[in-house]
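Residue 347, in our numbering, is where the sequence shown stops; the numbers in between run on with no holes. By construction, the Cβ of each residue, glycine as well, lies at the ideal position given by its N, Cα and C atoms. Here the structure is a predicted model, which means the values were calculated and not measured. Notes to accompany the following structure.
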Amino acid sequence: MAARPVLAVDLGGTKILAALVTGATILQSRETATDRSGGPEAWLRQIGALVGDWAGEWGAAGITVTGLIHGDEWSALNPGTLDLPARYPLAERARALLGGPVALANDAQAAAWGEFRHGAGTGTRDMVFLTVSTGIGGGIVAGGRLLAGRSGLAGHAGLLHPLPDGGADLFEDHASGRWIGRAAGQADARAAFAALPDPLAEEAIATSAMRVAALCRNLQLLVDPELIVIGGGVGLAPGYLPRVAAALSPLAPLYRPSLARAALGTGAGVIGIADLAGKARQGNTHMEESES
Ligand code: ADP
Ligand code: BMX
C-alpha cells in the first residue's frame, strides 16, 4: 500500500506554510502570517489551527524552522529574523501538538535537501541553496549529503560577518528582505518590489542583489558547488535573480557560480522536510542521509 502523505510545516520569520506532501507533490497547502510578536507557543497554536482538520490524513510529520535546530532544541541565531527563547524544546512540544514523532530541520537546510532531491539540484552531488527571505539562510549538500555540521550551523550564510572589523554585524542585516523594506522606505520587501521603478526601491533591491552576488562568489570559493539555487520570497521575486547573475557575469568561469532559481519555488522547504520525515518514518532517523 502506498505510504500516506507527510504533514510538512515551514515556519519562517514572515509566514507559516503547512502542506500535505507526497514526494515532490504538494497535495494541499495552507499559509498564515507568522505572529512575529508571539512566541513558540503562539506559533505552535498557529500550526495547530492550520493542520487540525488534516488529522488522520498523514503518516509522518516534519517541521522546518528559521533558526538553529540542535538535536531536539530550537534557538534563534538572529532574533531580528525571528525572536525566540534559547534552546526551546521543539521536538517535545511538536510531538505533544501532533501526537507523534516530528522530524526537525533548519528551513534553508530542508529547502536545500528539497531542491537536491526533487528540484533544480537533481543530478548534482554538490549544491548550495540560499533563501533570500525575512533573513538569509543557506544549506549545503556535499557529495549527496545534507550538511548539518557539528551543531546544526552548517550553511548559515546570513550570519556571516560582512567585515572583519564589523563587530556583531551580520550579513543578512544588510541584504535580507527586512533590510530591503527598511532601505526602500517601504513596509516590507514585497512593497519595495511593488514600488519599482521608484529609485529608492531600485537602489535597495540592486544593493541587496549585489551583496548576495558577493556572498555567492565567496560560497563558490568555499564549497565550489555545481549549482547555487536561490529561493525565498525575495530570491524568487521577478528581476532579483537576474540582478544577482548580472553582478557575477564579469567573473572568470573558474570563480563564477552557476545560479538557478528554486524549481520548487516556495515549496522547497516543505518538500525537503517531508523527505527527511519520510526517511525517519522508515526507521532511518539520521537526518544527514545520502540519497540512497
Ligand atoms: P519566510 O521568511 O517566512 O520564509 P518568505 O520566503 O516569503 O517567508 O520571505 C519573506 C520576505 O520576502 C519578506 O521580506 C517579504 O516582504 C518578501 N516577499 C514575499 N513575497 C514577495 C514577492 N512576491 N515579491 C517580493 N518580495 C516578497
Ligand atoms: C536567519 C536564521 C537562519 C534562517 C535564516 C532564513 C534565525 C531565527 N534564523 O539567518 O536560521 O535559516 O534566517 O530564515 O536565527 P527565513 O525566516 O528568512 O526563511
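Among Gly-126, Val-64 and Ala-79, the one whose alpha carbon lies nearest that of Leu-72: For the residues Gly-126, Val-64 and Ala-79, the minimum Cα distance to Leu-72 belongs to Val-64.
Where Thr-6 falls, given that 16 or more other Cβ within 10 Å makes a residue buried: Because the chain here runs from 56 to 347, residue 6 falls outside it and cannot be looked at.
Under 7 Å: does the beta carbon of Ser-84 sit that close to some heavy atom of the ligand ADP? Answer for Ser-84: no, Cβ out of range of the ligand ADP.
Which residue comes first and which comes last in the beta strand (DSSP E) that contains Asp-162? No beta strand (DSSP E) holds Asp-162; the alpha helix (DSSP H) holding it covers 162 to 173.
Would you please state the rounded distance, in angstroms, between the beta carbons of Trp-168 and Leu-331? I believe it to be under 8 Å. Indeed, because the Cβ distance is near 6 Å, the residues count as touching under 8 Å.
Express the C-alpha separation of Ala-88 and Thr-321 in angstroms, rounding to a whole number. Looking at the backbone, the Cα of Thr-321 and that of Ala-88 are separated by about 14 Å.
Taking Cβ positions, are Ala-230 and Arg-266 nearer each other than 8 Å? Yes, Cβ-Cβ distance for Ala-230 and Arg-266 is below 8 Å.
Neighbour-count burial assignment, Gly-178, 16 or more Cβ in a 10 Å radius: By the Cβ neighbour-count rule, Gly-178 is exposed, with fewer than 16 other Cβ atoms within 10 Å of its own.
Regarding Leu-72 and the ligand BMX, is the C-beta to nearest heavy atom distance less than 7 Å? Not a single heavy atom of the ligand BMX lies less than 7 Å from the C-beta of Leu-72.
With a cut-off of 8 Å on the beta carbons, I'd call Gln-164 and Ala-203 a contact; round off their distance for me. With 8 Å as the limit, Gln-164 and Ala-203 qualify as a contact, their Cβ atoms being about 7 Å apart.
If you compare alpha carbons, which of Gly-236, Ala-74, Pro-156 and Ser-304 is closest to Ala-104? Selected option, being the one with the closest Cα: Ala-74.
For the beta strand (DSSP E) holding Trp-113, just list the boundary residues, first then last. It is not in any beta strand (DSSP E) - Trp-113 carries neither H nor E in the DSSP assignment.
Verify the contact flag: Phe-248, CB atom, against every heavy atom of the ligand ADP, threshold strictly below 7 Å. Shortest gap from the CB of Phe-248 to any heavy atom of the ligand ADP: under 7 Å.
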